[in-house]
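> What follows is a single structure, and I will ask about it in a moment.
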Amino acid sequence: MKSLSRPQTPVRTLPAWTCAALAGFVAPALAMLMLADPARPASLISVGGPILAIGLMGVAMIAAAAAGRMWIGVALALLTGFGLILWARTLGLPPLPHPFATGFAVVIASISFAARGALFAKSASDKGWLIAVFVVAGEAAILFTAAAVPDALPDWLLALLPAQWASTAIQTELTFAVPGTGTGTYAATSALFALAGTAAATLLVVRLWPRRWPYLIMFTAWLALSALVWHRPAPPMPSAELAFAVPGVCRISG
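Taking the numbering used here, the leading residue of the sequence shown gets 22, the next gets one more, and so forth.
Right under this line is the structure:
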């Protein structure tokens, strides 16, 4: 007798890929265009972390959920990150003095976001990309609120968000950290470790699906890594204008 249940496969529809393109590249590129100021070359550095983080999250998570393949989300996120950096350069962003460190943060963030998209595809099948869209929209709204209105949201809330971890890591990696703290990679250790740790825990759930007990490991790891980010935040950053004016000081906004 034939089984009444049919295997579910992730959809490859135009709406899913349109959302990935809009959230991953179009919206961040438009935000850069509106915020760029030719008279202040440091203006884009001031918002580089949040914009790149949201772009990577949008394309990696939605694409991985739509395709059902983590590597597709990672590959598209890396292409998107490279494209957004090139776009920012055309708008006046100065050359990155530490491109390897910035690239490293982009890779870790892309893998972490794509892992979540792969989990959505596994657990929700053809509705996984919709879940990814709602998650991206929610985290992006919180991230933009925090960037537009500092201190409007409690620090503990931001410490729970992987998007904020990516924003902090990328913002810190854009240039060298404050003198005496080492490079940006050292200063962003907590955020990078949190992104990598949640990626590993999420992939464990994907690997052992449909078993549900790995979710306990994933949520425990998420809370523990959030606590790490909370207790070991990145050091305060000087303003972009000050950083450009004073040699030897990093060019990351506060």
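No residue lacks a Cβ here, since even glycine has one placed at the ideal position from N, Cα and C.
1) Can you grab the Cα-Cα spacing for the pair Trp-230 / Ser-144, in whole Å?
2) State the Cα-Cα distance for the pair Met-55 and Trp-108, rounded to the nearest angstrom.
3) List the endpoints of the continuous alpha helix (DSSP H) containing Ala-44.
4) Go ahead and label Thr-166 buried or exposed: buried means 16 or more other beta carbons lie within 10 angstroms of its beta carbon, across all protein chains shown.
5) Alpha carbon to alpha carbon, how far is Ala-222 from Arg-232?
6) Between Ala-50 and Phe-240, what straight-line distance do the alpha-carbon atoms span, to the nearest angstrom?
7) Kindly indicate which three-state DSSP category Val-170 falls into: helix, strand or coil?
8) Need the endpoints of the alpha helix (DSSP H) that Ser-131 sits in, please.
9) By the three-class DSSP mapping on this structure, what secondary structure does Leu-107 have?
10) Can you say whether Gly-89 is buried or exposed, counting buried as having 16 or more other CB atoms within 10 angstroms of its CB?
11) How would you write the range of the alpha helix (DSSP H) that Leu-179 sits in, first residue to last?
12) Beta-carbon within less than 8 Å of Glu-194's beta-carbon, same chain only, minus the 5 sequence neighbours each way: which residues are those?
13) CB-CB under 7 Å to Gly-113, same chain, minus the five flanking residues each way: which ones, in chain order?
14) With three or more beta-carbon pairs closer than 8 Å as the criterion, would you say the segment 181–192 touches the segment 69–80?
15) So is Thr-101 buried or exposed if we call it buried at 16+ other beta carbons inside 10 Å?
16) Could you compute how far the alpha carbon of Gly-218 sits from the alpha carbon of Leu-224?
17) Terminal residues of the continuous alpha helix (DSSP H) containing Gly-218?
18) Output the distance between the C-alpha atoms of Val-68 and Ala-142, rounded to the nearest integer angstrom.
19) Measuring only the C-alpha atoms, how far is Ala-139 from Ile-83?
20) Using alpha carbons as the reference points, say which of Ala-136, Met-53, Leu-174 lies closest to Gly-149.
21) Would you call the segment 155–164 in contact with the segment 242–251, where contact means no fewer than 3 C-beta pairs closer than 8 Å?
Looking at the coordinates:
1) Locating residue 230 in the sequence shown gives position 209, where the first residue counts as 1. Locating residue 144 in the sequence shown gives position 123, where the first residue counts as 1. If you take the alpha carbons of Trp-230 and Ser-144, they lie about 8 Å apart.
2) Within the sequence shown, residue 55 is the residue found at index 34, counting from 1. Within the sequence shown, residue 108 is the residue found at index 87, counting from 1. Rounded to the nearest angstrom, the two C-alpha atoms are 13 Å apart.
3) Residue 44 sits at position 23 when you count from the first residue of the sequence shown. No alpha helix (DSSP H) contains Ala-44, which DSSP labels as neither H nor E.
4) Counted from its first residue, the sequence shown places residue 166 at position 145. Exposed: under 16 other Cβ atoms inside 10 Å.
5) In the sequence shown, counting from the first residue as 1, residue 222 sits at position 201. In the sequence shown, counting from the first residue as 1, residue 232 sits at position 211. Distance between the alpha carbons of Ala-222 and Arg-232: 14 Å.
6) Mapped onto the sequence shown, residue 50 falls at position 29. Mapped onto the sequence shown, residue 240 falls at position 219. Their Cα atoms are separated by approximately 33 Å.
7) Sequence index remark: in the sequence shown, residue 170 carries index 149 (1-based). Reduced to three states, the DSSP call for Val-170 is coil.
8) Your numbering for residue 131 matches position 110 in the sequence shown. Start and end: 120–145.
9) Residue mapping note: residue 107 aligns to position 86 of the sequence shown, counting from 1. Helix, per DSSP.
10) Residue mapping note: residue 89 aligns to position 68 of the sequence shown, counting from 1. With 16 or more other Cβ atoms within 10 Å, it is buried.
11) The residue labelled residue 179 in the question sits at position 158 within the sequence shown. Residues 176–180.
12) As a working note, residue 194 is residue 173 in the sequence shown. Excluding residues within five positions, the ones whose Cβ falls inside 8 Å are His-119, Ala-122, Thr-123, Phe-125, Ala-126, Gly-205, Thr-206, Ala-209.
13) Taking the first residue of the sequence shown as position 1, residue 113 is located at position 92. So the list reads Ala-57, Pro-59, Pro-62, Leu-65, once near-sequence residues are dropped.
14) yes
15) Here residue 101 refers to the residue found at position 80 of the sequence shown. Counting Cβ neighbours within 10 Å, Thr-101 comes out buried, since at least 16 surround it.
16) To locate residue 218, count along the sequence shown from 1; it is residue 197. To locate residue 224, count along the sequence shown from 1; it is residue 203. Each residue's Cα considered, the two are about 10 Å apart.
17) As a working mapping, residue 218 is identified with position 197 in the sequence shown. Run containing Gly-218: 210–229, per the alpha helix (DSSP H) assignment.
18) Here residue 68 is taken as the residue at index 47 of the sequence shown, counted from 1. Here residue 142 is taken as the residue at index 121 of the sequence shown, counted from 1. Using only the alpha carbons, I get a separation of about 31 Å.
19) Here the question's residue 139 lines up with position 118 in the sequence shown. Here the question's residue 83 lines up with position 62 in the sequence shown. The alpha-carbon atoms of Ala-139 and Ile-83 are separated by roughly 9 Å.
20) Indexing the sequence shown from 1 puts residue 149 at position 128. The shortest Cα separation from Gly-149 among Ala-136, Met-53, Leu-174 belongs to Ala-136.
21) no
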